[in-house]
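Enquirer:
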RNA sequence: UGGGGAGUCGUCGAAUUGGUAAGACGCCUGACUCUGGAUCAGGAAGCUGAAGGUUCGAGUCCUUCCUCCCCAGCCA
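In the numbering used here, the protein residues as written are 11 to 571.
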């Protein structure tokens, strides 16, 4: 393993990597590295969790250690098996295999024994105060709290009461086990924190075996200790809890991991708060936890984001302690980078405009070869049917175009991708003046798009053969919120973007896409990256737009106005 | 106004730890191009929250101040 003094000293390491190196160098954990990702199974994982997962599994892999997936399942009221299943699936999808999948609830027995040990040491007591009374006696940020009248019960009485709490003798909320620390501590977490509360609830794993459940602050350090975790990586809001983490472990005199806190990720134009995401789902602002507009991993998977892009994103945003708001554009960049390299290309038209080739032989259909992926020769080629009646993108024709518009115009020429060069001879309009058809001449000598006379054709547009194209419903997704920091607005519901989902029912794609399976990711040339949604039916293709392509023309056009 | 954290280009984020402010995304130019994609080349953009101080020299050390975040769940 590298030490801080060797060549590696010049590498750019983040502060956690540095700490681990120092520990390895000093032998604090005998060169061992063991981390854990500890989600509570009360919701779906989001992009913020992906950062944590990548850091925890990444540190373990980097130092030849291991990383566990441990469910922090200490609150049966909020937790469900559905969430543990989705979390396991999401972690694996992201590309990580836990050394072990464990549950804090696996340690309930040991935790109980340790609690009795603390009582015997005079460091914990059963308190009969109600929740309201506990709050009233806790003090405030500037005033110390008052000691509970039950603080000095005898060990025997505490033990007796504690065991009776477990046997179901007392009603919910009537008693708690509290650590006897310091009601005047400036750190509120040290003012005799609750270790156990009485909760008559069915637990998704332990069933009805318990009616007392441990609090996070008590359960977490013990779970870490049991598993031999070396570096307990937590988000910054747990920094205030570290003294308590240390106090429990030191009071018990058991193996003591090092807790290290890092800043959680904030992503622009979205929310990474479970509570608010739940509200979006429950209030129907989105179609579910995996609605492709959501920042959950399930949604990103459905949207077509490759897991490799998320890992790359996590690596690029870095690890530090200051608050940060990462621009969504960086995530999109990572997504495009992977997809550009891997996604096969196809042609499809979202807003069709009919083109009739007046000189094309009646009824003739030609199969034209097309390259599947210019970034990957091994992706091979396919054939696309070409005929005398085509559909092109309405935006690729302008009757009176501005300067620098090099697509189709009256009397102008344009190349059909992988096809022929055509010239627009006539614009057909309906009674309302709307353009409904273009009558064009096809230069029959330009098959494949090459002009034998060497003339330059600046524009190339996408198309499909009207008779062969298959219909598709396309869901175009954009940012869920119209402002960069919806989390800072009084009510995030007021800044929900109205056009975050635009469904196009009349899109047409080339026939090669007919049998594409849900999840299949590809590029619709000149439009963006798409994937087949699980909503697709045998007779109806449903596509999700994963991301757009960079659109230089849009910028030019916008400036022109 | 108690305690704990944090302040470096628009956004992230480095700086061998006192030695003369990386890189990435975004933005702007240009080249190239059968995706106005991709790629390539170049550019603008921070005097490092502020003010003092130490020093030949400070983002790095000292002092004072300012701003932001977290904590008063029997949530995690």
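We treat Cβ as the ideally placed atom computed from N, Cα and C, and that holds for glycine.
Bear in mind that the values here come from a model prediction, so they are computed numbers and not experimental data.
Within 10 angstroms of its Cβ, does residue 164 collect 16 or more other Cβ (buried), or is it exposed?
Expert: exposed
Enquirer: Can you round the beta-carbon distance between residue 56 and residue 306 to whole angstroms, since I take them to be within the 8 Å contact cut?
Expert: Between residue 306 and residue 56 the Cβ distance is about 5 Å, and since that is below 8 Å, they are a contact.
Enquirer: In chain order, what residues of the same chain lie with their CB nearer than 8 Å to the CB of residue 7, ignoring the 5 residues before and after it?
Expert: Outside the displayed range of the chain (11 to 571) lies residue 7, so it cannot be described from this structure.
Enquirer: Which full runs of the alpha helix (DSSP H) of 4+ residues lie inside the segment 489-526, going along the chain?
Expert: none
Enquirer: If I measure Cβ to Cβ from residue 462 and keep anything under 8 Å in the same chain, skipping five residues before and after, which residues do I get?
Expert: By the criterion of a C-beta distance shorter than 8 Å, residue 462 is surrounded in its chain by 455, 456, once the five residues flanking it on both sides are discounted.
Enquirer: Could you work out which residue in 258, 38, 329, 120 is closest to residue 275 when comparing CA atoms only?
Expert: 329
Enquirer: Short check: CB of residue 576 to CB of residue 381, under 7 Å?
Expert: For the chain, the structure presents residues 11 to 571; residue 576 sits outside this window and is missing.
Enquirer: Note the first and the last residue of the continuous beta strand (DSSP E) segment covering residue 332.
Expert: That residue, residue 332, is in no beta strand (DSSP E); it is neither H nor E in DSSP.
Enquirer: From the DSSP secondary-structure annotation, give me the bridge partner or partners of residue 97.
Expert: DSSP output for residue 97 lists no bridge partner at all.
Enquirer: Which of the three DSSP states is assigned to residue 458 in this structure?
Expert: helix
Enquirer: What separation, rounded to the nearest whole angstrom, lies between the Cα atoms of residue 572 and residue 497?
Expert: The first residue shown for the chain is 11 and the last is 571, placing residue 572 beyond what the model contains.
Enquirer: Could you check if residue 17 is buried or exposed, using at least 16 other CB atoms within 10 Å of its CB as the buried criterion?
Expert: For residue 17, the predicted model reports a pLDDT of 34, less than 50, meaning its position is unreliable; a value from the coordinates is still stated below. Exposed, by the Cβ-count rule.
Enquirer: Taking Cβ positions, are residue 453 and residue 467 nearer each other than 7 Å?
Expert: no
Enquirer: Kindly list the residues whose CB is nearer than 8 Å to the CB of residue 257, restricted to its own chain and excluding five residues on each side of it in sequence; keep chain order.
Expert: If we look at residue 257 and ignore the five residues flanking it on each side, its Cβ neighbours are 189, 191, 200.
Enquirer: Hey, quick one: how far does the beta strand (DSSP E) through residue 8 stretch, first residue to last?
Expert: Residue 8 lies beyond the range of the chain shown here (11 to 571); nothing can be said about it.
Enquirer: How many angstroms separate the CA atom of residue 295 from the CA atom of residue 485?
Expert: Cα to Cα, the separation comes out at about 16 Å.
Enquirer: Do residue 416 and residue 469 have their beta-carbon atoms positioned less than 7 Å apart in this structure?
Expert: Taking 7 Å as the Cβ cut-off, residue 469 and residue 416 qualify as a contacting pair.
Enquirer: Just to check, is the beta-carbon of residue 80 closer than 6 Å to a non-hydrogen atom of the ligand ATP?
Expert: For the structure depicted, the ligand ATP is absent and the ligand set is empty, with no information on it obtainable.
Enquirer: Run through DSSP, which three-state label would residue 245 get?
Expert: DSSP, read as helix, strand or coil, puts residue 245 in strand.
Enquirer: Would you call the CB atoms of residue 264 and residue 241 closer than 7 Å?
Expert: no
Enquirer: Taking buried to mean at least 16 other C-beta atoms within 10 Å of its own C-beta, is residue 25 buried or exposed?
Expert: exposed
Enquirer: Enumerated in chain order, which unbroken segments of the beta strand (DSSP E) with a length of 3 residues or greater are wholly contained in the segment 262-318?
Expert: Whole beta strand (DSSP E) segments, 3+ residues: 268-272.
Enquirer: Exposed or buried, residue 85, counting other C-beta atoms within 10 Å across all chains shown (16 or more means buried)?
Expert: buried
Enquirer: Who are the near neighbours of residue 122 in its chain, counting only those whose CB is closer than 6 Å to its CB and skipping five residues on each side?
Expert: If you ignore the 5 residues before and after residue 122, its C-beta comes within less than 6 Å of no other C-beta in its own chain.
Enquirer: Within its chain, find whatever has a CB closer than 7 Å to the CB of residue 124; leave out the 5 residues flanking it on each side and keep chain order.
Expert: 232, 262
Enquirer: For residue 19 and residue 153, what's the separation of their Cα atoms in angstroms?
Expert: Note on residue 19: pLDDT 37, under 50, position unreliable in the model; the coordinate value appears next. Using only the alpha carbons, I get a separation of about 47 Å.
Enquirer: Are there 16 or more other CB atoms within 10 angstroms of the CB of residue 68, so buried, or fewer, so exposed?
Expert: buried
Enquirer: To the nearest angstrom, how far is the alpha carbon of residue 569 from that of residue 408?
Expert: 17 Å
Enquirer: Taking the continuous alpha helix (DSSP H) assigned at residue 340, which residues delimit it?
Expert: 338-352
Enquirer: In angstroms with no decimal places, state the Cα-to-Cα distance between residue 23 and residue 66.
Expert: 15 Å
Enquirer: Start and end of the beta strand (DSSP E) containing residue 366?
Expert: From DSSP, the beta strand (DSSP E) with residue 366 extends over 362-367.
Enquirer: Report the option in 438, 59, 222 whose CA atom is closest to the CA atom of residue 281.
Expert: 59
Enquirer: Going residue by residue through the segment 105-131, where are the continuous beta strand (DSSP E) segments of at least 3 residues, counting only ones entirely within it?
Expert: 111-113
Enquirer: Taking DSSP's pairing of strands, which residues face residue 482 in a bridge?
Expert: 517, 551
Enquirer: Can you look up residue 235 in the DSSP assignment and give me helix, strand or coil?
Expert: helix
Enquirer: Return the chain-ordered list of same chain residues with a C-beta closer than 8 Å to the C-beta of residue 126, the five sequence neighbours on each side being excluded.
Expert: The answer, listed in chain order, is 169, 172.
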